[in-house]
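Numbering (the numbering used here), first residue to last: 132 to 1083. The beta-carbon is built from N, C-alpha and C at its ideal position, and this holds for glycine as well. These numbers were taken from a predicted model, which means no experiment stands behind them. In what follows, a structure is listed as structure tokens, so that the remarks can point back to it.
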Amino acid sequence: ESHQSQEITGLFLQHPETTVAVTGTDITFTAKVDSTTLSRKPTIKWLKGKWLDLGSKAGKHMQFKETYDRATKIYTWDMKIIKVVPGDAGAYRCEVTSKDKCDSSADAGEDEGSLDFSALLKATKKKKKPVEDVEKKDVWDLLKDAHPSQYEKIAFEYGITDLRGLLKRLKKMKTVEPKHSDAFLKRMESAYSVDKGKKIVLTVEVVDPNAQVKWLKNEPPVTITKLLDDYHVVVGERVEFEVEVSVEGAHVNWMFEDQELTRDSHKYRFKKDGLKHMLIIQEATLEDIGMYWCFTNGGRTKGELEVEEKELEVLQSIADLTVKAEDQAMFKCEVSDEKVTGKWFKDGVEVLPSDRIKLTHIGRIHRLTIDEVKPEDAGDYTFVPDGYALSLSAKLNFLEIKIDYVPRQDPPKIHLDTTGNMVSQNTIIVVAGNKLRLDGAEREDEGNYCITVTNPAGEDKAHLLVKIVDVPDCPENVKCTSVGEDCATMVWDPPKFDGGAPVTGYLMERKKKGSTRWTKLNFDVYEGVTYEAKRMIEGVLYEMRVYAINGIGMSQPSLNSKPFMPIAPTSEPLGLKVHDVTDTTCTLKWLAPEKVGAGGLDGYIIEYCKEGDTEWVVANNEPVDRQTYTVRNLPTGEKINFRVVAVNIAGRSPPYRPGPARHYPRDQLPNIRLPRYLRQKYIRRVGDKINMTIPFQGKPRPKVQWYKDGEVVDVRVASIRNSEVDSILFIRSAERAHSGKYELVLQIENMEARATLEIRIVETPGPPEVVKITDVWGFNAALEWKPPKDDGNCEITGYTIQKADKKTNEWFTIYEHNRRTNCTASDLIMGNEYMFRVFSENLEKDMQSAPKFIQPLLDRSVVAGYSTAISCAVRGCPKPKIRWLRNKIPLDENPSFLMQNNQGVLTLNIRKPSQYDGGKFTCKAINPLGEDVVECTLLVRALKDKEEGDEK
């Protein structure tokens, strides 16, 4: 009894499934149990390995959940492991126990749980056998082939007590077999051999015929998720092209123009960081200018590298000096590159160092120092950096002081008038010999200045114009006016303020949208306000900005233009031809452009003009999507030229123009375009609909007439509808009398066209005649019969022969599609009586039919307490399923009713009916082709009603 109570009873509706998880993800095991047959709520345990109960492990890492559906009485238990770690791998088991039932679901894989068998082992005084002795008995071969559930038994049998060490060693010894999917019934071979140029067929079989199958060569396609950026650097700078792909560790190829880059070149470095791949050029040179490509097996991208010569920037220029005799003069300048050397010149002659003249170069600073200045040191000094077309000049002025003393005389006063009027608020008075300096000059300080010098001897005036200059404002309204396949045309407005100096040109930059790296488009100053940017990638969004330049310097960048995408118009549509011509219309057809591009295709525009005119008229205001169009309201008799253009977001494609088409009324010979399926015998079953549409041609409209076997078709038998382009013959329900040869005649004046088609209406043939047994021997019987009188309007193609034992009356097919009128029935049982029947077959072939009652149920009136029966007959193939109902309630499990089916004769026996057993009885016959229903009413009268009727 205890053994029976623990017998597995199969309580699980859903077993926990084996799962493969990635470290760091969450996984959930689910088990479902049906409790409809249980007397009390079942209990559940989640175990790891064989004995480790996980109920005590509940917490943040492991969570358990239980739900109950009252409608279905199904318990659902979930075990969720949060952020899986490698230590969670192993076999888990779900055990459900009820009062008298138990079920367990476990993974049959390797047990990697925490196993501790020491508590189960009994103490023994025997000396432990070392594992080496077991190895001599080939116990490891036995363990490798055994199921994990047998490990403990084998260990006890061979005296192994260190079970933990046994499992560790066994795990190392086991080879990891590749995991195969259960989705394939037949897999490809590991290798194939085929001669070059020959065909090879690779075949697999899958379990699910509707499954989607993808064939891959070598590996899945690797797509590019982050494109390359363009780079603009100077000579000597580091360049790092970076691309991001969809698969970590994927193989990519780098190319420069048409040359593949390899690791053999010391100039290039290749780096991988997860999904990122980098191409590094440590020091760029002018030879590196060009387009760099990155290829994967699922995409490609390109980036342009522009390298310009390194410009030397002057951080501090030399200034003019005015010194007195015996003073020290020092010219100082600072450039951006500390490695640059240079030479000093005085009035075009190189300055050489001496005891009094010193030349120094410390870092980026160059100095020329002259001690004890003499009058001959005055002149123009120039510093020229080596290797650059640049020079810095300054003047050394020698100050010679002369003092003229005039006693008892005040120094002259200088009046600086900023407006030209001697008004006190605009006049600044300074003492002769001093300077007037304006710090932080602004645009408002620009104007005419008047200097007036006065003393007791008189006065003098001087006029001067002070002009304030600055870098210009930034250009405005930068926008894209048109785009091409790899180019775009940009326009902008000049800056409102030119900085007091004329604008000499502009510099343009572009970048991909979302990127922060700007690329220069021109190195020389561009003078116009319209620029065509080239060498861009079609389908990528770009932004542009513009700088203005004058003699002072470069302005701030303009606002970024709106994003634009280089997109080219499609190529011209192909194959434009005239499909049909009427008096005022022309139907055109054409093919799609060969090249569409990233801009897609919005539709087509059709244009036409009279021959000799140059003005094209648009036939459709809105683009049409289809590749056919009918141009209407054309002048009759004119020679018209047509052309079609494709339109997308980039504009119109080049037009495609065929030869001219002439529009004028013309006669067209009658021509019947008989469909292919009507060129042979048209066969239909009795009762089918016949709807034949036959197109034709002919102008003017031809006269249409139908004939059957030489006589005009009666419109009461078949409906006929004619139009300008076709004729339709329609028969609602075909009969065998509709079979025959039909002829369609088109007539235009004295011209006509004829088409003949044959229609045959067929049905199931009649039964064979005179079926007889000609001979019986052993376990065999010979049969013969005659062909049926009615062949169903079609030749007999074969016969089906069936047999039935009289004891069971069950029919079995012994021959199908037998072409002869005789056969031999074999494998009969000696001593049994058999019946045989034969069916005829023709092109109909299908012997199946929906159920049909050939004898209905009849209303009955019976006396209560007396058994009765109601009967009907049905036929159908395949054999229909019978259902009896009383007042629309099934009688399948009611013991008061006995249902019988004998060769299609259905009988419902009612045992001793009571008055409550009466009502409306229904019999339904159902098979895959349909169903049929018959009904009757059964009236059950009481016994006393019968006696009263007898007395009367």
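Worksheet item: Which two residues bound the contiguous alpha helix (DSSP H) that contains residue 282?
Response: 282–288
Worksheet item: Under the DSSP definition of a beta bridge, which residues are partnered with residue 772?
Response: 740
Item to complete: Assess, as a yes-or-no matter, whether the stretch 979–989 is touched by the stretch 1018–1033 under the definition of 3 or more beta carbon pairs within less than 8 angstroms.
Response: no
Discussion item. Please return the same chain residues whose Cβ sits closer than 8 angstroms to the Cβ of residue 1066, not counting the five positions on each side in sequence.
Written reply: 988, 1051, 1052, 1053, 1054
Worksheet item: When DSSP labels each residue in this structure, what does residue 689 get in the three-state scheme?
Response: coil
Worksheet item: How is residue 901 classed by DSSP in three states: helix, strand or coil?
Response: strand
Worksheet item: Would residue 420 be called buried (16 or more neighbouring beta carbons within 10 Å of its own) or exposed?
Response: exposed
Worksheet item: In this structure, what does DSSP give as the bridge partners for residue 461?
Response: 500
Worksheet item: Between which two residues does the alpha helix (DSSP H) containing residue 270 stretch?
Response: 270–276
Fill in: Nearest residue (CA-CA) to residue 882, options 909, 904, 944, 801
801
Fill in: 7 angstroms Cβ shell around residue 667 - same chain, five flanking residues per side excluded
617, 618, 619, 673, 697
Practice prompt. Count the CB pairs spanning the stretch 414–434 and the stretch 356–364 that are closer than 8 angstroms, and state whether there are at least three.
Written response: yes
Item to complete: With DSSP as the reference, please indicate the residues paired to residue 925 in a beta bridge.
Response: Note: residue 925 sits in no beta bridge, so no partner.
Item to complete: Can you grab the Cα-Cα spacing for the pair residue 611 / residue 705, in whole Å?
Response: 31 angstroms
Discussion item. Need the endpoints of the beta strand (DSSP E) that residue 426 sits in, please.
Written reply: 421–427
Fill in: residue 702 beta carbon less than 8 angstroms from that of residue 626
no
Worksheet entry | Whole-number beta carbon distance between residue 682 and residue 658, since they are thought to touch under 8 angstroms | Actually they do not touch by this definition, with Cβ atoms about 14 angstroms apart.
Worksheet item: How big is the Cα-Cα spacing for residue 534 and residue 526?
Response: Note that residue 534 scores 45 on pLDDT, short of 50, meaning its location in the model is unreliable and no value can be drawn from it.
Item to complete: Could you tell me whether the Cβ atoms of residue 996 and residue 1056 are closer together than 8 angstroms?
Response: no
Fill in: Member of 754, 724, 759 whose CA lies at the smallest distance from the CA of residue 709
759
Fill in: Residue burial classification, residue 410 (beta-carbon count within 10 angstroms, cutoff 16)
buried
Practice prompt. Could you tell me the distance, in whole angstroms, from the CA atom of residue 1004 to the CA atom of residue 1040?
Written response: 15 angstroms
Discussion item. Is the beta carbon of residue 1074 closer than 8 angstroms to that of residue 992?
Written reply: no
Discussion item. Helix, strand or coil for residue 936? Go by DSSP, reduced to three states.
Written reply: strand
Discussion item. Can you confirm whether the stretch 903–918 touches the stretch 880–895 when touching is taken to mean that 3 or more C-beta pairs between the two stretches lie within less than 8 angstroms?
Written reply: no
Worksheet item: The beta strand (DSSP E) with residue 839 in it runs from where to where?
Response: 834–839
Worksheet item: Between the C-alpha atoms of residue 719 and residue 761, what's the straight-line distance to the nearest angstrom?
Response: 6 angstroms
Practice prompt. Return the chain-ordered list of same chain residues with a C-beta closer than 6 angstroms to the C-beta of residue 722, the five sequence neighbours on each side being excluded.
Written response: 705, 706
Discussion item. For a test of the three-state rule: what should DSSP assign to residue 867, helix, strand or coil?
Written reply: helix
Discussion item. On the CB-based measure, 16 or more other CB atoms within 10 Å of its CB, does residue 259 come out buried or exposed?
Written reply: Here residue 259 scores only 43 on pLDDT, less than 50, and its place in the model is too uncertain to base an answer on.
Item to complete: Return the chain-ordered list of same chain residues with a C-beta closer than 7 angstroms to the C-beta of residue 497, the five sequence neighbours on each side being excluded.
Response: 464, 473, 514
Item to complete: Leaving aside the five residues before and after residue 167 along the sequence, list all residues of the same chain whose C-beta is less than 6 angstroms from its C-beta, in chain order.
Response: 204
Practice prompt. May I ask which residues mark the beginning and end of the beta strand (DSSP E) holding residue 192?
Written response: From DSSP, residue 192 is part of no beta strand (DSSP E); its letter is neither H nor E.
Worksheet entry | Strand pairing of residue 986, partner residues [DSSP] | 1004
Worksheet item: If you draw a straight line from the C-alpha of residue 536 to the C-alpha of residue 602, how long is it?
Response: Bear in mind that the predicted position of residue 536 carries a pLDDT of just 42, short of 50, making it unreliable; the figure below should be weighed with that in mind. For residue 536 and residue 602, the distance between alpha carbons rounds to 48 angstroms.
Practice prompt. Tell me whether residue 943 is buried or exposed, calling it buried when 16 or more other Cβ atoms sit within 10 Å of its Cβ.
Written response: exposed
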